[in-house]
Amino acid sequence: MTMELDKADETGTAVARTPPKRKLNKEWATAFGFIALAVALLVLAPAVLSDFRLSLLGRFVCYAIVAVGIGLAWGRGGMLTLGQGVFFGLGAYAMAMHLKLADAGADGVPDFMKLYGSGQVPGWWEPFRSPVFTVIAIVAVPALVAFGLGAAVFRRRVRGAYFAILSQALAAAFAILLIGQQASIGGTNGLNGFRSFFGFNLYDPVNKRMLFYIAASVLLVMVLVVWQLYRSRYGELLVAVRDQEERVRFLGYDPANVKIVAYVVAAAMAGIAGALFVPIVGIISPASVGVVPSIAFLIGVAIGGRSTLFGPVVGAIAVAWAQTSLSEAFPSFWTYFQGAMFVLVVAFLPKGFASVGAFRKRKEAKA
Amino acid sequence: MNGDYLELTDVGVSFDGFVAVDGVSMTVLQGDLRFLIGPNGAGKTTLVDAITGLVPATGSATFGATELLGKKVHKIARLGIGRTFQTASVFEELSVLQNLDIAAGAGRGPLTMLRRRTSVPEEVEQVLEVIGLEDLRDRQAGVLAHGQKQWLEIGMLIVQNARVLLLDEPVAGMSAHEREETGLLLRRIGAERTVVVVEHDMDFMRSFATSVTVLHAGKVLSEGTVAQVQADPRVQEVYLGRAAEGVA
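Protein chains in written order, with my numbering: chain B, 113 to 479; chain U, 3 to 250.
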């Protein structure tokens, strides 16, 4: 007994002495990781990839932006958000509406409305003629929806699987709602055929490359935002809420508020990602915002490592990349690969590939 | 400061017709180390749940001049009522320091929250010393020994600025040495606070209680000093009766 106590004291002081150094190392490692990511995206990828591949990567970068938000809400906040497609879609449709209106010219009517609708622009479309309004809406609409939803759900202490099912049902309902609106937002076809982006011709390869740089820069900024959140006192509190929500309540905090902040930030990120997705891919339709894409967002995060800073980014890009190359090589087999990968990670690396390093470190520490 | 005491008047809690707490009235003064004892199912923990807002209750519970019943859990906590749970519930993935920092920060504004913790708040530094975890400050709370976790929880109550400490079986599962340490810790911090300890451990109670309330079937059976309560024939009957019948 005393021996054990002594040992505990010994390691205790050892641990107490090392942290400042270890913390510093960790900061440097993160900074290094960030620089590596920035170089890979902004220097390496444009240098080695063809325009077609770079545009594909741009799409994956959009998924990665959603993933960063999911990492915050799910990895750190414990909210299994199975419905990020909703926020992605809100941002995407806001952008798509603006692009359609801009293509139609001042007081013009988007082409599909002439085909399916009354040939009149609905009143609620009008504000999206303004670029400023559109940019604000891309962030504000998903954020406000998430705030309203979060306030209603988290205050009633809905969590765990119930929250996951609720958010997924929302994604399903959202897609169905969009499909039903053929005349005003294109129904199943969605919105497509954009010719310009804030005055820049979208058929010009230079502008397409520029879009990639914009998306990559936004991703890097989002990583920085989340990094600051993780390092802040709020980040510590969020982990506390994830692990012991009731205990936090007895310390005088309202855990609902803590969760709402993370949920709103994640939703805003998904909205921004959706808005960037539209000019890069050239189409947004209900198929990109429903249940299936919402789950696909999550898989990359789970595989990469949901509670780490870079895990969701790398996971989202890697899974999307694997999907593209594997379905090119073995058409129609992708879903099996995806399923198998997901099962393997959940079974052997429940914290994602990012935990491989941590696992090795633990082993070394034991030895 | 001197006017702050915990006063319960006719507190009642019932679940679907089952009366768990039945008209409990008691007053706990500052500096008192009150033990709440009684057989299983006597309503001890339920009473603590009622005071902290976890279960709805009738009657009145005031601290200072403020009514506690009917308020939300986090609002009651902010009024200076702190509690621990039977199973130590610390934030296992966070360090000792982070645990205490969170406990100290319920009043922080959004800007402070979004910044990093650059220094250790003074009250956290003091408490680390009081609970004897100075050298383990950067240790993950999840790997602490059982006793250390309980001390960390008590430390969290102190930095939370709790004026009333409601401790639910703080020494359960502790070694004799740890019990002794815990008792001394409670004495140290109890002088300026109001402390209520729910406990099964009679030896621990005898060593550290300044006053005792015995609950039985949701009612106050007896109240007084340890000697008075032990001499009370009704208390003897409840405990001896149970012993004679086995599990009643």
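Note that CB positions come from ideal geometry on N, CA and C, so glycine has one too.
With a cut-off of 8 Å, do at least 3 Cβ pairs link the segment 263–283 of chain B to the segment 386–396 of chain B?
Flag = no, the segment 263–283 of chain B and the segment 386–396 of chain B do not touch.
Note down the Cα distance separating U:Leu56 from U:Ala63, rounded to an integer number of angstroms.
Position 54 of the second sequence, counting from 1, holds the residue named residue 56 of chain U. Position 61 of the second sequence, counting from 1, holds the residue named residue 63 of chain U. Cα to Cα, the separation comes out at about 14 Å.
Which stretch, first to last residue, makes up the alpha helix (DSSP H) that contains B:Ile429?
For this step, residue 429 of chain B is matched to residue 317 along the first sequence. Start and end: 423–441.
Starting from B:Leu156, trace the beta strand (DSSP E) both ways and give me its first and last residue.
Reading the first sequence from its first residue, position 44 is the one you call residue 156 of chain B. From DSSP, B:Leu156 is part of no beta strand (DSSP E); its letter is neither H nor E.
Would you mind stating whether U:Ile53 and U:Ala164 have Cβ atoms separated by less than 8 Å?
Stepping through the second sequence from its first residue, residue 53 of chain U is reached at position 51. Stepping through the second sequence from its first residue, residue 164 of chain U is reached at position 162. Not closer than 8 Å, so no.
Taking only the alpha-carbon atoms, compute the straight-line gap between U:Asp140 and U:Val173 and give it to the nearest angstrom.
Translated into the one-based positions of the second sequence, residue 140 of chain U becomes position 138. Translated into the one-based positions of the second sequence, residue 173 of chain U becomes position 171. U:Asp140 and U:Val173: Cα-Cα distance of roughly 24 Å.
U:Val75 CB to nearest chain B CB: under 8 Å?
Taking the first residue of the second sequence as 1, we reach residue 75 of chain U at position 73. So, interface residue.
Taking Cβ-Cβ distances shorter than 7 Å, what residues in chain U pair up with B:Gly364?
Here residue 364 of chain B refers to the residue found at position 252 when the first sequence is read from its first residue. Correct list: His76, Ala79, Arg80, Ala108, Gln162.
If we cut at 8 Å on Cβ distances, does U:Asp18 have a partner in chain B?
Translated into positions along the second sequence, residue 18 of chain U becomes position 16. For U:Asp18, the answer is no, since every Cβ of chain B falls outside 8 Å of its Cβ.
Let me know the secondary structure DSSP gives B:Lys320 once reduced to three states.
Here residue 320 of chain B corresponds to residue number 208 of the first sequence, with the count starting at 1. Here B:Lys320 sits in helix by DSSP.
Does the beta-carbon of U:Val198 have 16 or more other beta-carbons within 10 angstroms, so that it is buried, or is it exposed?
Counted from its first residue, the second sequence places residue 198 of chain U at position 196. Per the 10 Å Cβ criterion, buried.
List the endpoints of the continuous beta strand (DSSP E) containing U:Arg165.
For the purposes of this step, residue 165 of chain U is taken as residue 163 along the second sequence, with counting starting at 1. That residue, U:Arg165, is in no beta strand (DSSP E); it is neither H nor E in DSSP.
Against chain U, with Cβ distances strictly below 8 Å, would B:Gly262 count as a contact?
Sequence index remark: in the first sequence, residue 262 of chain B carries index 150 (1-based). By this cut-off, B:Gly262 is not an interface position.
Could you name the residues of the same chain whose beta carbon sits closer than 7 Å to that of U:Phe17, not counting the 5 residues immediately before and after it, in chain order?
Here residue 17 of chain U refers to the residue found at position 15 of the second sequence. Result list for U:Phe17: empty, nothing under 7 Å.
Quick one: what does DSSP say U:Leu39 is sitting in, helix, strand or coil?
Within the second sequence, residue 39 of chain U is the residue found at index 37, counting from 1. Checking the displayed sequence, the identity of residue 39 of chain U turns out to be Ile instead of Leu. In the structure shown, U:Ile39 sits in a strand (DSSP, three-state: E or B).
Return the residues of the segment 337–352 of chain B that lie within a Cβ-Cβ distance of less than 8 Å from chain U, sorted by chain order.
Here the close residues are Gln340, Leu341, Arg343, Ser344, Arg345, Tyr346, Glu348, Leu349, Val351, Ala352.
Taking C-beta pairs closer than 9 Å, name the residues in chain U that B:Gln356 reaches, listed in chain order.
For the purposes of this step, residue 356 of chain B is identified with residue 244 of the first sequence, where counting begins at 1. Within 9 Å Cβ-Cβ: Ser91, Val92, Phe93, Glu94.
Rounding to the nearest angstrom, what Cα-Cα distance links B:Leu117 and U:Glu183 in this structure?
Taking the first residue of the first sequence as 1, we reach residue 117 of chain B at position 5. Taking the first residue of the second sequence as 1, we reach residue 183 of chain U at position 181. The predicted model places B:Leu117 with a pLDDT of 39, which falls under 50 and marks its position as unreliable, so this point remains unresolved.
Kindly say whether B:Arg359, judged by its beta-carbon, lies nearer than 8 Å to any beta-carbon of chain U.
The residue labelled residue 359 of chain B in the question sits at position 247 within the first sequence. Output row for B:Arg359: interface = yes.
Using a Cβ-Cβ cut-off of 7 Å (strictly less than) and excluding sequence neighbours within five positions of B:Lys119, which residues of its own chain qualify?
As a working mapping, residue 119 of chain B is identified with position 7 in the first sequence. Residue confidence for B:Lys119 is low, a pLDDT of 40 falling below 50, so the modelled location carries little weight; the figure read from the coordinates is stated next. Excluding positions up to five away in sequence, the list is empty.
Mind listing the chain B neighbours of U:Met158? Cutoff is C-beta to C-beta under 8 Å, in chain order.
Position 156 of the second sequence, counted from the start, is the residue given in the question as residue 158 of chain U. Under the 8 Å cutoff, chain B gives Leu363.
What residues in its chain sit with their C-beta under 6 Å from that of B:Ala249, if we drop five residues either side in the sequence?
Residue numbering aside, residue 249 of chain B sits at position 137 when the first sequence is read from its first letter. The answer, listed in chain order, is Ala206.
For U:Ser16, which beta-bridge partners are listed by DSSP?
Start at 1 with the first residue of the second sequence, and residue 16 of chain U comes out as number 14. U:Val21.
Given a limit of 7 Å on CB to CB distance, which residues of the segment 182–210 of chain U reach chain B?
Hits within the stretch: zero.
Can you find the residues in the same chain that come closer than 6 Å, C-beta to C-beta, to B:Ala432, ignoring five residues on each side of it along the sequence?
As a working note, residue 432 of chain B is residue 320 in the first sequence. The residues are Phe172, Tyr175.
Could you please give the first and the last residue of the uninterrupted alpha helix (DSSP H) stretch that includes B:Thr447?
Here residue 447 of chain B corresponds to residue number 335 of the first sequence, with the count starting at 1. Per DSSP, B:Thr447 belongs to the alpha helix (DSSP H) from 446–460.
Do B:Val401 and B:Phe324 have their C-beta atoms within less than 8 Å of each other?
Residue 401 of chain B sits at position 289 when you count from the first residue of the first sequence. Residue 324 of chain B sits at position 212 when you count from the first residue of the first sequence. For B:Val401 and B:Phe324, no; Cβs fall outside 8 Å.
May I have the straight-line CA-CA distance separating B:Leu202 from B:Val403, to the nearest angstrom?
In the first sequence, residue 202 of chain B corresponds to position 90, counting from 1. In the first sequence, residue 403 of chain B corresponds to position 291, counting from 1. Taking the straight line joining both Cα atoms gives about 15 Å.
Could you check if B:Ser444 is buried or exposed, using at least 16 other CB atoms within 10 Å of its CB as the buried criterion?
Residue numbering aside, residue 444 of chain B sits at position 332 when the first sequence is read from its first letter. When all chains shown are included, B:Ser444 counts as exposed.
Would you kindly work out how many angstroms separate the C-alpha atoms of B:Thr130 and B:Glu348, rounded to a whole number?
Taking the first sequence and counting its residues from 1, the one referred to as residue 130 of chain B is at position 18. Taking the first sequence and counting its residues from 1, the one referred to as residue 348 of chain B is at position 236. At B:Thr130 the pLDDT is 44, less than 50, meaning the model places this residue with poor confidence; the figure from the coordinates comes in the next sentence. Computed Cα separation, rounded: 20 Å.
What residues match up with U:Leu217 in a beta bridge as DSSP calls it?
Sequence index remark: in the second sequence, residue 217 of chain U carries index 215 (1-based). Looking at the DSSP assignment, U:Leu217 forms a beta bridge with U:Val222.
Inspect the beta-carbon positions of U:Ala90 and U:Lys46 and report whether they are closer than 8 Å.
Translated into the one-based positions of the second sequence, residue 90 of chain U becomes position 88. Translated into the one-based positions of the second sequence, residue 46 of chain U becomes position 44. The answer is no: Cβ separation not under 8 Å.
Taking the C-alpha atoms as reference points, what is the distance between B:Val353 and B:Asn319?
Numbered from its first residue, the first sequence carries residue 353 of chain B at position 241. Numbered from its first residue, the first sequence carries residue 319 of chain B at position 207. So the two alpha carbons sit approximately 44 Å from each other.
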